[in-house]
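Student:
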Ligand code: HEM
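Set out below in structure tokens:
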């Protein structure tokens with residue numbers, strides 16, 4: 001069962017990530033279309049990739065990942081850090097979708113700096129996720145947080161000087 005979940009997860013993640021990396025490369029082609037035919041061909045390809053391939057792969061990756069969390073019982077800090085990076089990838093996915101809505105309007109282009117920035121950010125996030133999931137670093141979160149964050153009842157002690165009803 002776990003093996004199948006992992007196969008589904010890694011396959012879906014591969015399609016999703018390949019899509020997020022390559023979409024800005026397709027968007028930047030908008031500046032080079034010569035006629036309406038080429039514009040519609042590019043638009044059809046981009047929409048099909050986003051709607052029929054990349055977005056379903058994203059749902060499958062997240063769904064199988066959630067299944068794996070419970071199957072493998074990975075309730076650990078590196079997993080929380082991985083989910084934070086995956087959240088940023090989901091945002092990148094949403095922004096990529098918003099671009100498609102405007103990109104094929106009259107006179108629109110996708111500047112090269114956005115292509116470089118978008119691709120760079122997505123590659124950095126993927127690198128971060130792969131590092132966390134493969135190295136599984138032992139992150140000691142309590143040393144990064146202020147004292148008292150992991151102490152039961154600490155808020156009462158911290159706020160005691162401000163509380164007129166606190167018993168001495
Ligand atoms: C909400 C999204 C995701 C969730 C909930 C999730 C969750 C998980 C879980 C629980 C595992 C099993 C970990 C283990 O067996 O120790 C796993 C494995 C893995 N995930 Fe994800 N994941 C998500 C997205 C991603 C993304 C976006 C990537 C790549 C960029 C990714 C790459 C991997 C890889 C490579 C493995 C295999 C690691 C191994 O077997 O050692 N995951 N994921």
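Residue numbers (the numbering used here): 1 to 168.
Every residue, glycine too, gets a C-beta built ideally from N, C-alpha and C.
(1) Cβ atoms of residue 72 and residue 2: under 9 angstroms apart, would you say?
(2) Give the residues whose C-beta lies closer than 7 angstroms to at least one heavy atom of ligand 1, in chain order.
(3) Rounding to the nearest angstrom, what Cα-Cα distance links residue 37 and residue 15 in this structure?
(4) Let me know the secondary structure DSSP gives residue 37 once reduced to three states.
(5) Leaving aside the five residues before and after residue 142 along the sequence, list all residues of the same chain whose C-beta is less than 6 angstroms from its C-beta, in chain order.
(6) Along the chain, where does the alpha helix (DSSP H) that runs through residue 156 open and close?
(7) Closest to residue 55 by C-alpha separation, out of 39, 20 and 80, would be which residue?
(8) Assuming the contact rule is C-beta atoms closer than 8 angstroms, residue 12 and residue 42 should be a hit. Round their C-beta distance to whole Å, please.
(9) Grouping DSSP H, G and I as helix and E and B as strand, with all else coil, what is residue 166?
(10) Evaluate residue 24 with the Cβ neighbour count: other Cβ atoms within 10 Å of its Cβ, from every protein chain shown; 16 or more gives buried, anything less gives exposed.
(11) Alpha carbon to alpha carbon, what distance is there between residue 94 and residue 26?
(12) Is any beta-carbon of chain D found at less than 9 angstroms from that of residue 68?
(13) Could you check the C-alpha separation between residue 125 and residue 39 for me, to the nearest Å?
(14) Does the separation of the CB atoms of residue 156 and residue 78 fall below 9 angstroms?
(15) Assign residue 51 to buried or exposed, taking buried as 16 or more other Cβ atoms, counted over all protein chains shown, within 10 Å of its Cβ.
(16) Report the CB separation of residue 110 from residue 30 in whole angstroms; it is logged as a contact under 8 angstroms.
(17) Cα separation between residue 116 and residue 4?
(18) Where do the ends of the alpha helix (DSSP H) carrying residue 145 lie?
Tutor: Working from what's here:
(1) Indexing the chain shown from 1 puts residue 2 at position 2. Indexing the chain shown from 1 puts residue 72 at position 72. Yes, these two residues count as a Cβ contact at 9 angstroms.
(2) 6, 9, 10, 13, 16, 17, 61, 62, 65, 66, 68, 69, 72, 74, 79, 82, 83, 86, 89, 126, 129, 130, 133, 134 and 136
(3) In the chain shown, the residue the question calls residue 37 occupies position 37. In the chain shown, the residue the question calls residue 15 occupies position 15. Rounded to the nearest angstrom, the two C-alpha atoms are 28 angstroms apart.
(4) Taking the chain shown and counting its residues from 1, one reaches residue 37 at position 37. In this structure, residue 37 counts as helix in the three-state DSSP scheme.
(5) Stepping through the chain shown from its first residue, residue 142 is reached at position 142. 150.
(6) Reading the chain shown from its first residue, position 156 is the one you call residue 156. Counting along the chain, the alpha helix (DSSP H) containing residue 156 begins and ends at 154-159.
(7) Along the chain shown, one-based indexing puts residue 55 at 55. When each option's Cα is compared against that of residue 55, the closest is 20.
(8) Residue numbering aside, residue 12 sits at position 12 when the chain shown is read from its first letter. Residue numbering aside, residue 42 sits at position 42 when the chain shown is read from its first letter. At roughly 26 angstroms, the Cβ-Cβ gap does not stay under 8 angstroms, so residue 12 and residue 42 are not in contact.
(9) Position 166 of the chain shown, counted from the first residue, corresponds to residue 166. Here residue 166 sits in coil by DSSP.
(10) If you number the chain shown from 1, residue 24 lands on position 24. With 16 or more other Cβ atoms within 10 Å, it is buried.
(11) One-based indexing of the chain shown puts residue 26 at position 26. One-based indexing of the chain shown puts residue 94 at position 94. Residue 26 and residue 94: Cα-Cα distance of roughly 16 angstroms.
(12) Here chain D cannot be found, since the structure has a single protein chain.
(13) Sequence index remark: in the chain shown, residue 125 carries index 125 (1-based). Sequence index remark: in the chain shown, residue 39 carries index 39 (1-based). Roughly 31 angstroms between the two C-alpha positions.
(14) In the chain shown, residue 156 corresponds to position 156, counting from 1. In the chain shown, residue 78 corresponds to position 78, counting from 1. Taking 9 angstroms as the Cβ cut-off, residue 156 and residue 78 do not qualify as a contacting pair.
(15) To locate residue 51, count along the chain shown from 1; it is residue 51. The residue in question, residue 51, is exposed, as its Cβ has fewer than 16 Cβ neighbours within 10 Å.
(16) To locate residue 110, count along the chain shown from 1; it is residue 110. To locate residue 30, count along the chain shown from 1; it is residue 30. Contact flag correct, Cβ pair sits at about 5 angstroms.
(17) The count along the chain shown starts at 1 and reaches residue 116 at position 116. The count along the chain shown starts at 1 and reaches residue 4 at position 4. Near 36 angstroms, if we compare the C-alpha coordinates of residue 4 and residue 116.
(18) Taking the first residue of the chain shown as 1, we reach residue 145 at position 145. That residue, residue 145, is in no alpha helix (DSSP H); it is neither H nor E in DSSP.
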